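Residue numbers (this note's numbering), protein chains in the order written: chain Y, -3 to 253; chain X, -3 to 253; chain S, -3 to 253; chain W, -3 to 253; chain P, -3 to 253.
Glycine residues also receive a C-beta, built at the ideal position from the N, C-alpha and C atoms.
A quick note: this is a predicted structure, and the numbers were derived from the prediction, not measured.
In what follows, a single structure is set out as structure tokens and then discussed.
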């Protein structure tokens, strides 16, 4: 689990809460219809932009983005090198028994196809198509969060306009003007908060997570192809190590390269 | 019919209506000249940006976008594989009798050309040109919806400025200032609503629908070319299945691949 | 002449005029210095952005954009096929007598070079360079209209700021505040109107016109090259027909292809 | 010297001055601290964005952009064709005596290398590297003007906020509110004027000048390479003429091509 | 150390301070909760957008950007040519003793691999991967500064909305309205200042620094490859000199080229 998004979200919300409590009482900032129009409006606009099936997957994608544990690239490379050693020593069929302990379903699928003797080109096409599908799903997820981040302030402004018109067409009691204007501004505040504390940072995080996952899956694809063609485990290692930033490479490997 | 766009549109409108009714009476929000200037202005600006013939096709494209039933890619692949089996078993001329039951006019056109013995290269050029034409028409449709989504808020602001100038140059009766300002703000509200509830989400939906249609037509082109060259129906199937996300592939096919 | 741009421009202006007349009297909306600063300022900023020679061609380009009759692609293809038939039957020199009736100067230039026996590669380079030049001129024209569309609202805001400062630094008579503010807002209104009714739609129209002209000139280039190399008129026709959307192709041709 | 930028700048400034004088007295619009914060702030932000050495070259680049005389492409081509004739007739060494009269230092450098017998590939690499360097310097110059055009309105807003806070926290004398607000708005006005009359148009002009210079230097590079390889002067001419728009080509040449 | 960023930052801040002191007293502009919400909010939103590990590296990257001494390309080329001379004269192993005096760790790493007899292709892959990693880190650093530059004004607006709602819902004492509004505007001022004086200029500077470092590392890679293949030091020099703008090349070299 990447703690940064949660910290950012929670501390950001607490800061805003603190600023509100310092300036007045919380009650003036809570207004159910304002919440309804901002969240509801942004959700409806995003729903209208995407097919229903894709829209319903948004919570899953978001949850995975926040709670998925970051890929440990070095451990993944070590695991693949180990598999390459077993395949070289005992033949590729020896990997069949190890499949269950591998953890990563994408790696399991690739090794399974190699063990089954599937044609290498077909393995590569299938694995790359799946990688593209994952990236495309992430892209759609980011697109939905971006849309929410655009529509939330827009419906915040719409809510404020509705409130202003209500207040202005009914100004008999001047003492209520302030309160009416305050209520009208609340939706703009909600829209700005939702976009800047939640939707936009999460869209950026999803894009980063997506490029991390693309990296690890590219390593897996290259590893499976190398294992299947029976490459020397040392050669596999030095090839995969170039995907790591130098600082993360173990000292010994670099010299050996 | 993809229900999401309709739900988003209707629920979004109801939410806004609810917010208005909670805050005051609906009458203050209805103003015919304001509707006229926002919708009329945005339509005129878009009309001036596009050739008349293309502009007049906008309603058709929009209707198709909302009501067209989503492509069922798996069923399409199964249908093509079936055609490939018939062509292999009974010769390509046997497909002639099946043309009427195919449903998709693009598929029918392709199969018809194959049955007529048209040169494969010419079939491919004609089908790809037609695909590009469809995408280009969708692109133009999205462009018009985007233009409406840009011009609606612009004419909303223009209407508000006209109203403000009218109110400010005639401030003899201070009690009417509120009502004048409320009326002036209505056009801005209309422009923001039209853009964010209708035009922009529909432009995004059209773009997604366009990429879905591109996918299904690419599958059809590849399928027709494979049928014409008499490929093995199993090979056709495993080739076309890579266009599907893994989760949607039937269990048996994947292993067989 | 493409009627859409004129309709959009005129109806859009009438709508705004109607909205003004409904809300008050026209006099409050007419102010010579405001017109001067918005139109003058936007023009000066655009003039400063472009070389004088190019800036002076703007009216010609705009006029051509609105009044040029749209290219009839099918008629053009038929004309080229006819030329190809004559060239095949009577030799390419027979085209010399037909040059005057061709109408399109780009087509005339190409055929003339073919008749003169110019080297095919040189014909192609010259015609493509000329096509690029036309597109580049259109691009510059669109750039100037876009610049006008950006600078008009900017100088509208500048005019409003000048008016506000004048009003605010001279508030002895509170009854004049409204009129002063109304006058100040006029420039913002002018800037928004000019940009959204005229400059931005015309920039978009120019871009579309440009892509239409690119299509017809590409057809002419391919046609001239085919005529010069003495291709079969049927082959020329089926090749050029792929540039047309299927709906516009004549029924017979498609089958013959 | 391209007169358009100067005309645009001066007439634009006069228009704004006229609008100010019509509306009130000039004194209300002059405020030294406002000038200081807008110009100073935008300059500091741009200075912080670029290395010192590059920032200091900005005035030179701007001066050259306004006062540099436009390239006369046709004259340049004629000059190169003349050099090609001399080189063909009297040998390439005969060009040595003509170097001083050539005017363009880029052309001189290229011819000098050709006369010195430098390897053609090295000449091309050196000339193209120099062309890229010039374009990169122009790009950086445009970047700085764009930055000034972005930061001037931003510091205009910052100045207005500072003025508003000063006015609002000191409202004992209501009669001074108007004057305070007028003074606060001045920085926004300055920022908008600087950006839209000076920085943004000059950035666009620099981009155009840069593409013009790229064209003339590309012609020179092609010309020097052709002279060195001893090409036929007629061939050199017809090759270089394709860089000219047809309208600018002399009548005779086109037919000869 | 590149002095421009520091000068820009400090003088810019002093200008703003001066403008504040001219207009009123500094006290009205200092407000701890406002600082908290703008800086805290922008930091939290950026933190939520990036993995924790990357976020924590931001201060290091920023410090390096400001204080890193600019690369002296000419000195670097001279140093590489010297190494090429030693390698040519005394063999590549003679470079081993010079490694410690080289200064640049990237150059040291490359020479060390060449001395160790590593395969040239592997050296190139490793050095280019490392270059890409550095650029990618700079890109992420710029991304974070851009995010801060976007979120600071956004949280400035959020703070102002919170302040306005507090003031408007509590307008019993009209004499406090001015002070409340002044306090509310402070966060917008802080957000604009932070973005335009610090974050955005530093993001641009980091992008420039990154392209400078890419240039010097590209020179080192080419140099190491040339040294390893035993190229003539003169050839190495004339090849690397093309990376320098002509004005910076020493007079003698250019003629020798």
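Got a sec? Which residues, its chain only, sit under 7 Å from residue 104 of chain P by beta carbon, not counting five neighbours each side?
-> As a working mapping, residue 104 of chain P is identified with position 108 in the fifth chain. Once the five neighbours on either side are set aside, the close Cβ partners of residue 104 of chain P are 95, 98.
Proximity test, Cβ basis, 8 Å: residue 63 of chain Y and chain X:
The residue labelled residue 63 of chain Y in the question sits at position 67 within the first chain. So no, residue 63 of chain Y is outside the interface.
Measure the C-alpha to C-alpha separation of residue 252 of chain X and residue 36 of chain P and round it to an integer number of angstroms.
Taking the first residue of the second chain as position 1, residue 252 of chain X is located at position 256. Taking the first residue of the fifth chain as position 1, residue 36 of chain P is located at position 40. Confidence at residue 252 of chain X is low in this model, with a pLDDT of 39, below 50, so the placement of that residue should be treated as unreliable; the coordinate-derived value is given next. Answer to the nearest angstrom: the Cα atoms are 56 Å apart.
Quick one: is residue 116 of chain X near chain S, going by C-beta distance under 8 Å? As a working mapping, residue 116 of chain X is identified with position 120 in the second chain. Chain S, which has no Cβ nearer than 8 Å to the Cβ of residue 116 of chain X, makes this no.
Quick one: any contact between the stretch 181 to 189 of chain S and the stretch 142 to 157 of chain X, if contact means 3 or more CB pairs under 8 Å? yes
**Item:** Positions along the stretch 26 to 48 of chain X whose CB lies within less than 8 Å of some CB in chain Y
**Value:** none
* By how many angstroms is the C-alpha of residue 68 of chain Y removed from the C-alpha of residue 210 of chain Y? -> If you number the first chain from 1, residue 210 of chain Y lands on position 214. If you number the first chain from 1, residue 68 of chain Y lands on position 72. Their Cα atoms are separated by approximately 13 Å.
Quick check: what's the CA-CA separation for residue 225 of chain W versus residue 115 of chain W? Translated into positions along the fourth chain, residue 225 of chain W becomes position 229. Translated into positions along the fourth chain, residue 115 of chain W becomes position 119. Rounded to the nearest angstrom, the two C-alpha atoms are 11 Å apart.
Q.
Considering only their Cβ atoms, is the gap separating residue 13 of chain S from residue 44 of chain X smaller than 8 Å?
A. Against the second chain, residue 44 of chain X aligns to sequence position 48. Against the third chain, residue 13 of chain S aligns to sequence position 17. No.
**Reduced DSSP category for residue 240 of chain P - H, G, I as helix; E, B as strand; rest coil** = Within the fifth chain, the letter at position 244 stands for residue 240 of chain P. Note: residue 240 of chain P maps to coil in three-state DSSP.
Check: Hey, does residue 111 of chain W have any beta-carbon neighbour from chain P nearer than 8 Å?
Finding: Here residue 111 of chain W refers to the residue found at position 115 of the fourth chain. Closer than 8 Å: no.
inquiry  = Using beta carbons (cut-off 8 Å, strictly below), is residue 249 of chain W in contact with chain S?
reply    = On the fourth chain, residue 249 of chain W is found 253 positions in, with the first residue counted as 1. Because the pLDDT of residue 249 of chain W is 44, which lies under 50, any placement of that residue in the model is unreliable, and the question is left without a value.
_residue 83 of chain X versus residue 223 of chain X: straight-line alpha-carbon distance, rounded_ = For the purposes of this step, residue 83 of chain X is taken as the residue at position 87 of the second chain. For the purposes of this step, residue 223 of chain X is taken as the residue at position 227 of the second chain. Roughly 7 Å between the two C-alpha positions.
### Query
From the beta carbon of residue 254 of chain P, is the nearest beta carbon of chain W less than 8 Å away?
Because residue 254 of chain P is not part of the residues shown, which for chain P are -3 to 253, the question remains open.
### Message
I'd like the span of the alpha helix (DSSP H) that includes residue 193 of chain W, first residue to last.
### Response
By one-based count along the fourth chain, residue 193 of chain W stands at place 197. Taken as a continuous stretch (DSSP letters only), residue 193 of chain W belongs to no alpha helix (DSSP H), as it is neither H nor E.
key: Whole-angstrom distance between residue 57 of chain X and residue 197 of chain S, CA atom to CA atom   = As a first step, residue 197 of chain S is located in the third chain; it is residue number 201 there, counting from the start. As a first step, residue 57 of chain X is located in the second chain; it is residue number 61 there, counting from the start. About 21 Å.
- Could you work out which residues of chain S lie near residue 145 of chain X, taking near to mean beta carbons separated by less than 9 Å? By one-based count along the second chain, residue 145 of chain X stands at place 149. The contacting residues do not exist; residue 145 of chain X stays about 13 Å from chain S at best.
Item to complete: Could you tell me the distance, in whole angstroms, from the CA atom of residue 130 of chain Y to the CA atom of residue 142 of chain S?
Response: Along the first chain, one-based indexing puts residue 130 of chain Y at 134. Along the third chain, one-based indexing puts residue 142 of chain S at 146. Distance between the alpha carbons of residue 130 of chain Y and residue 142 of chain S: 39 Å.
Residues in the same chain with beta-carbon distance under 6 Å from residue 205 of chain P, minus the five sequence neighbours each way, listed in chain order, please. One-based indexing of the fifth chain puts residue 205 of chain P at position 209. Around residue 205 of chain P: 61.
Q) Shorter than 8 Å from the beta carbon of residue 141 of chain X to some beta carbon of chain Y? A) Locating residue 141 of chain X in the second chain gives position 145, where the first residue counts as 1. Not closer than 8 Å to any Cβ of chain Y, the Cβ of residue 141 of chain X fails to qualify, so no.
Check: Who are the Cβ neighbours of residue 250 of chain Y in its own chain at under 6 Å, not counting the five residues just before and after it?
Finding: Residue numbering aside, residue 250 of chain Y sits at position 254 when the first chain is read from its first letter. In this predicted model, residue 250 of chain Y has a pLDDT of only 43, less than 50, meaning its place in the structure is not dependable enough to derive any value.
Would you verify that the beta carbon of residue 148 of chain P is, or is not, closer than 8 Å to some beta carbon of chain Y?
Numbered from its first residue, the fifth chain carries residue 148 of chain P at position 152. No, its Cβ sits nowhere closer than 8 Å to a Cβ of chain Y.
ask   = Using DSSP with H/G/I as helix, E/B as strand and the rest coil, what is residue 158 of chain Y?
value = Position 162 of the first chain, counted from the first residue, corresponds to residue 158 of chain Y. Note: residue 158 of chain Y maps to helix in three-state DSSP.
inquiry  = Could you compute how far the alpha carbon of residue 238 of chain P sits from the alpha carbon of residue 121 of chain W?
reply    = By one-based count along the fifth chain, residue 238 of chain P stands at place 242. By one-based count along the fourth chain, residue 121 of chain W stands at place 125. About 8 Å.
Q: Give every residue of the same chain whose Cβ lies closer than 6 Å to the Cβ of residue 25 of chain S, excluding the five residues on either side of it in the sequence, and list them in chain order.
A: The count along the third chain starts at 1 and reaches residue 25 of chain S at position 29. Taken in chain order, the residues that qualify are 16.
- Query: Anyone know if the C-beta pair for residue 215 of chain P and residue 236 of chain P falls short of 8 Å?
  - Reply: On the fifth chain, residue 215 of chain P is found 219 positions in, with the first residue counted as 1. On the fifth chain, residue 236 of chain P is found 240 positions in, with the first residue counted as 1. Cβ distance < 8 Å, so residue 215 of chain P and residue 236 of chain P count as in contact.
Would you mind telling me which residues of chain S sit closer than 9 Å to residue 95 of chain X, beta carbon to beta carbon, in chain order?
Residue mapping note: residue 95 of chain X aligns to position 99 of the second chain, counting from 1. The contacting residues do not exist; residue 95 of chain X stays about 15 Å from chain S at best.
Query raised in the report: In terms of residues, what are the limits of the alpha helix (DSSP H) holding residue 29 of chain P?
Result: Numbered from 1 along the fifth chain, position 33 holds the residue referred to as residue 29 of chain P. Run containing residue 29 of chain P: 28 to 45, per the alpha helix (DSSP H) assignment.
So, helix, strand or coil for residue 249 of chain S, using DSSP?
Mapped onto the third chain, residue 249 of chain S falls at position 253. For residue 249 of chain S, the predicted model reports a pLDDT of 44, less than 50, meaning its position is unreliable; a value from the coordinates is still stated below. Helix, per DSSP.
Inter-residue Cα distance where the pair is residue 212 of chain P and residue 106 of chain P: Against the fifth chain, residue 212 of chain P aligns to sequence position 216. Against the fifth chain, residue 106 of chain P aligns to sequence position 110. Going by the C-alpha atoms only, they are around 13 Å apart.
Practice prompt. Measure from the alpha carbon of residue 147 of chain X to the alpha carbon of each residue in X/194, X/163, X/119, X/135, then state which is nearest.
Written response: Numbered from 1 along the second chain, position 151 holds the residue referred to as residue 147 of chain X. With distances taken between Cα atoms, residue 147 of chain X lies closest to X/194.
Counting only C-beta atoms, is residue 160 of chain W closer than 8 Å to chain S at any point? As a position in the fourth chain, residue 160 of chain W is number 164, starting the count at 1. No, because no Cβ of chain S sits closer than 8 Å to the Cβ of residue 160 of chain W.
Open item on the list: Output needed for residue 180 of chain Y: all residues of its chain with C-beta closer than 7 Å, excluding positions within five of it in sequence on either side, in chain order.
Closed with: As a working mapping, residue 180 of chain Y is identified with position 184 in the first chain. Correct list, in chain order: 156, 159, 160, 163.
Contact list for residue 154 of chain W against chain P, beta-carbon separation under 9 Å | To locate residue 154 of chain W, count along the fourth chain from 1; it is residue 158. What residue 154 of chain W touches in chain P: 12, 15, 185, 188, 189, 192, 193.
Exercise for review: Put residue 163 of chain Y into one of helix, strand or coil per three-state DSSP.
Suggested key: Here residue 163 of chain Y is taken as the residue at index 167 of the first chain, counted from 1. Three-state DSSP puts residue 163 of chain Y in a helix.
Residues of its chain near residue 88 of chain P, where Cβ-Cβ distance is below 8 Å and the 5 sequence neighbours each way are ignored = The residue labelled residue 88 of chain P in the question sits at position 92 within the fifth chain. Only 110, 111, 223, 224, 226 meet the Cβ criterion.
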